[in-house]
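Read through the structure below, which is laid out as structure tokens, and then see the notes.
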Amino acid sequence: SATQFCSAGISGNDVASCGVPSPSTRILIKGGTVVNAHHQQVADVYVEDGVIVAVQPNIKVGDEVTVLDATGKFVMPGGIDPHTHLAMEFMGTETIDDFFTGQAAALAGGTTMHIDFVIPVNGDLVAGFEAYQHKSKKSCMDYGFHVAITKWDEGVSRDMEKLVKEKGINSFKFFMAYKGSLMVTDDLLLEGLKRCKSLGALAMVHAENGDAVFEGQNRMIELGITGPEGHALSRPPVLEGEATSRAIRLARFVNTPLYVVHVMSVDAMDEIAKARKSGQKVIGEPVVSGLILDDHWLWDPDFSIASKYVMSPPIRSVGHGKALQEALSTGILQLVGTDHCTFNSTQKALGLDDFRKIPNGVNGLEERMHLIWDTMVGTGQISATDFVRITSTECARIFNIYPRKGAILAGSDADIIILNPNSTYEISSKSHHSRSDTNVYEGRRGKGKVEVTIAGGRIVWENDELKVVPGSGKYIEMPPFSYLFNGIEKSDANYLSSLRAPVKRLRYQPTS
Ligand code: URP
Ligand code: ZN
Ligand code: ZN
Ligand code: ZN
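When we follow mature numbering (1 follows the signal peptide of the UniProt record, and there is no 0), the leftmost residue of the sequence shown carries the number 2, and every step to the right adds one.
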């Protein structure tokens, strides 16, 4: 498939001849089934200057409008990926996809917005945020940021407030793993949870017990297990379950909502299910690799194959993925991310002699929408409306940008895909748009293809061709106090009055 990148300011061998973005700012999508999370109907969608103006049957327009026939196809909100790492410095190297190539790949796969993780500079949040503002200047689609917290002091606490009140940040991530680099301890996590609560920001956790992972890695090395399989063996599901449970209980103690990123195991999912059943506000995000792949690849004798699948928490044994799909289809888990964090085969080879040095991460930004449609809608596990909810709408609600994003409604941003349910595809590193030379879904075929992507009101993907412009993507500010914070003040007040209840005091008074 041809890729035309507008090359202003961009260098690299992936830049082909300069494509001209669609000149028309007026687009009519005719006759498709328009799908929102709550409803679907056959209707036309009219777009002008980057915004959806009307959604209704039989819209009439003049000649100057680009008309796309969507008869027999699904017209849906572009995907929003809540979890990516573009241009991230990590484990002694930097992810191969940056804010241009990663986003171009996303657009070719029907994702029109992503939320990336700002990594602080020596613990400094604002310096980290500024570095990511710079990295993201070349963006060709809309994006937002979460900010990781890696140390604790007055400055960090003050910066959190500044980022929320002035910079459009409404979520902070705590890594409970990666001992010696990003990992936080329980005291830091507690401070962070309290601060998030006071700011109306959502606390997110990478839930693995980092101390136990360190012990598990030493155990493998002592046994002489140095290959990629050692990665899975050193950090089993029990360590993910433990950290998930710990984070959930601390969030309950603080009484603030919690978002668990990349839920990879039944162990972690069960903790989320239990907490939700008790009424706690916990969001669980499985990622495509965890839903679809299993860990047998890590035992492949060819290091260049096995190392592709190294990510954390690890891709689990057969059974976990299917259970996570079921949890997603029944609402125990709420939305799907990718954790797109790509390293090419040369970078993965940093860990040729020691699995601990293999840069952690897999691709998925281009494949997420296709694989979820094929695996879950294609098999009848979920409906098209569910698909929209878990790939777009729920993310927009959680990060408080709905209905600007995540919906096909008059007034929403014109981020739209047209998916042909009868069209097929095959995934390959030869044809994908990521800069990586490998793909963890190599050779996988599927049905249901994104034929058109409209981002910010422009046709950027059509006829297997990308027409993307660096700098055209907008930073999306995300306001605090999403729906997840509703009722927290009341439940805090109830808790306080329960402590003072005379009935309770009497119960503990000795009787004469
Ligand atoms: O292996 C992974 N997941 N790499 C990205 C960093 C993270 O933990 O999300
Ligand atoms: Zn150009
Ligand atoms: Zn993580
Ligand atoms: Zn991640």
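Backbone N, C-alpha and C define an ideal beta-carbon position, used for all residues, glycine too.
Fair warning: this is a prediction, and the values are worked out from it, not measured in the lab.
Three-state secondary structure assigned by DSSP to residue 163 | By one-based count along the sequence shown, residue 163 stands at place 162. Of the three classes helix, strand and coil, the one that applies to residue 163 here is helix, per DSSP.
How is residue 81 classed by DSSP in three states: helix, strand or coil?
-> Counted from its first residue, the sequence shown places residue 81 at position 80. Three-state result, residue 81: strand.
Coil, strand or helix - residue 435 by DSSP = In the sequence shown, residue 435 corresponds to position 434, counting from 1. DSSP places residue 435 in coil when its eight states are reduced to three.
When you compare each of 230, 207, 224 and 459 to residue 240 by their alpha carbons, which one comes out closest?
-> Stepping through the sequence shown from its first residue, residue 240 is reached at position 239. Residue 207 is the option with its Cα nearest to residue 240.
Of all the beta strand (DSSP E) runs that stay within the bounds of the stretch 77–129, which reach a length of 3 or more residues?
-> 80–85 and 112–119
What do you reckon, are the CB atoms on residue 80 and residue 392 nearer than 8 Å?
-> To locate residue 80, count along the sequence shown from 1; it is residue 79. To locate residue 392, count along the sequence shown from 1; it is residue 391. Contact: yes.
What's the call for residue 501, buried or exposed, on a 16-neighbour Cβ count within 10 Å?
-> The sequence position of residue 501 within the sequence shown is 500, counting from 1. Answer is exposed; the Cβ neighbour count stays below 16.
beta-carbon residue 115 near ligand 3 non-hydrogen atom, thresh 7 Å = Numbered from its first residue, the sequence shown carries residue 115 at position 114. Checking every heavy atom of ligand 3 against the Cβ of residue 115, none is found closer than 7 Å.
Say yes only if the C-beta of residue 266 is nearer than 7 Å to one or more non-hydrogen atoms of ligand 6, and no if none qualify.
-> Ligand 6 is absent from the structure shown, which contains only ligand 1, ligand 2, ligand 3 and ligand 4.
Rounded to a whole number of angstroms, what is the C-alpha to C-alpha distance between residue 433 and residue 99?
-> Within the sequence shown, residue 433 is the residue found at index 432, counting from 1. Within the sequence shown, residue 99 is the residue found at index 98, counting from 1. Whole-angstrom Cα-Cα distance: 15 Å.
Flag this pair as touching only if the stretch 429–448 and the stretch 386–406 have three or more C-beta atom pairs under 8 Å; answer yes or no.
-> no
Nearest to residue 451 by CA position, among 465, 440, 439 and 457, is which residue?
-> By 1-based counting over the sequence shown, the position of residue 451 is 450. If we check each option's Cα against that of residue 451, 465 comes out closest.
Flag this pair as yes or no: are the beta carbons of residue 46 and residue 36 separated by less than 8 Å?
-> Within the sequence shown, numbered from 1, the residue matching residue 46 stands at position 45. Within the sequence shown, numbered from 1, the residue matching residue 36 stands at position 35. Not a contact, by the Cβ cut-off of 8 Å.
Check: residue 313 C-beta below 7 Å from any heavy atom of ligand 3 = Numbered from its first residue, the sequence shown carries residue 313 at position 312. Answer for residue 313: yes, Cβ within range of ligand 3.
For residue 326, the first and last residue of its enclosing alpha helix (DSSP H) = For the purposes of this step, residue 326 is identified with residue 325 of the sequence shown, where counting begins at 1. Taken as a continuous stretch (DSSP letters only), the alpha helix (DSSP H) holding residue 326 covers 321–330.
Using three-state DSSP, classify residue 135 as helix, strand or coil.
-> Start at 1 with the first residue of the sequence shown, and residue 135 comes out as number 134. Looking at residue 135 - three-state DSSP - the assignment turns out to be helix.
Host alpha helix (DSSP H) of residue 337 (start-end) = As a first step, residue 337 must be located in the sequence shown, where it is residue number 336. That residue, residue 337, is in no alpha helix (DSSP H); it is neither H nor E in DSSP.
To which residues does DSSP link residue 281 through a beta bridge?
-> Counting from 1 along the sequence shown, the entry for residue 281 is found at position 280. Answer is none; residue 281 lacks a bridge partner.
Which two residues bound the contiguous alpha helix (DSSP H) that contains residue 496?
-> To locate residue 496, count along the sequence shown from 1; it is residue 495. Residue 496 -> alpha helix (DSSP H) spans 489–500.
Alpha-carbon to alpha-carbon, residue 151 and residue 158 | Position 157 of the sequence shown, counting from 1, holds the residue named residue 158. Position 150 of the sequence shown, counting from 1, holds the residue named residue 151. Cα-Cα distance, rounded: 12 Å.
What runs of the alpha helix (DSSP H), each 4 residues or longer, lie entirely inside the stretch 242–320?
-> 267–278, 289–293 and 304–307
Contact check, residue 120 vs residue 83 under 8 Å by CB: the rounded distance?
-> Translated into the one-based positions of the sequence shown, residue 120 becomes position 119. Translated into the one-based positions of the sequence shown, residue 83 becomes position 82. 17 Å between Cβ atoms; not a contact.
Alpha carbon to alpha carbon, what distance is there between residue 70 and residue 273?
-> Position 272 of the sequence shown holds residue 273. Position 69 of the sequence shown holds residue 70. If you take the alpha carbons of residue 273 and residue 70, they lie about 43 Å apart.
Segments of 4+ residues assigned as alpha helix (DSSP H) that fall wholly inside the stretch 191–234 = Uninterrupted alpha helix (DSSP H) stretches at least 4 residues long and entirely within the stretch 191–234 occur at 211–223, given in chain order.
Measuring CA to CA, which of 163, 322 and 288 is closest to residue 171?
-> Along the sequence shown, one-based indexing puts residue 171 at 170. Residue 171 has its Cα closest to that of 163, out of 163, 322 and 288.
Might you give, ordered along the chain, the residues of its own chain that have their beta carbon closer than 7 Å to the beta carbon of residue 418, omitting 5 neighbours on each side?
-> The residue you call residue 418 lines up with position 417 of the sequence shown. For residue 418, where only same-chain residues beyond five positions count, the Cβ hits under 7 Å are 77, 79, 111, 451, 453 and 454.
Do you know how far the Cα of residue 214 is from the Cα of residue 222?
-> Against the sequence shown, residue 222 aligns to sequence position 221. Against the sequence shown, residue 214 aligns to sequence position 213. Spanning the two alpha carbons is a distance of roughly 12 Å.
Heavy atom of ligand 1 within 7 Å of residue 321 beta-carbon = Along the sequence shown, read from residue 1 onward, the residue named residue 321 stands at position 320. Checking every heavy atom of ligand 1 against the Cβ of residue 321, none is found closer than 7 Å.
Thinking just about the alpha-carbon of each residue, which of 390, 423 and 366 is nearest to the one in residue 437?
-> Position 436 of the sequence shown, counted from the start, is the residue given in the question as residue 437. Answer by Cα proximity: 366.
Spatial distance of residue 481 from residue 176 (CA atoms) | As a working note, residue 481 is residue 480 in the sequence shown. As a working note, residue 176 is residue 175 in the sequence shown. Whole-angstrom Cα-Cα distance: 21 Å.
How big is the Cα-Cα spacing for residue 217 and residue 315?
-> Against the sequence shown, residue 217 aligns to sequence position 216. Against the sequence shown, residue 315 aligns to sequence position 314. Their backbone Cα atoms lie some 13 Å apart in a straight line.
Within this structure, are the beta carbons of residue 267 and residue 324 separated by less than 8 Å?
-> As a working note, residue 267 is residue 266 in the sequence shown. As a working note, residue 324 is residue 323 in the sequence shown. Closer than 8 Å, so yes.
Are residue 264 and residue 205 closer than 8 Å when you measure CB to CB?
-> What you label residue 264 is simply residue 263 of the sequence shown in a count that begins at 1. What you label residue 205 is simply residue 204 of the sequence shown in a count that begins at 1. No, they are not a contact pair.
Could you give the residue range of the alpha helix (DSSP H) that holds residue 392?
-> As a working mapping, residue 392 is identified with position 391 in the sequence shown. Residue 392 -> no alpha helix (DSSP H), and no H or E assigned at all.
Taking the C-alpha atoms as reference points, what is the distance between residue 5 and residue 469?
-> Residue numbering aside, residue 5 sits at position 4 when the sequence shown is read from its first letter. Residue numbering aside, residue 469 sits at position 468 when the sequence shown is read from its first letter. The predicted model places residue 5 with a pLDDT of 46, which falls under 50 and marks its position as unreliable; any figure quoted below should be read in that light. Their backbone Cα atoms lie some 7 Å apart in a straight line.
Beta carbon of residue 355 nearer than 8 Å to that of residue 439 = Translated into positions along the sequence shown, residue 355 becomes position 354. Translated into positions along the sequence shown, residue 439 becomes position 438. Going by C-beta atoms, residue 355 is not nearer than 8 Å to residue 439.
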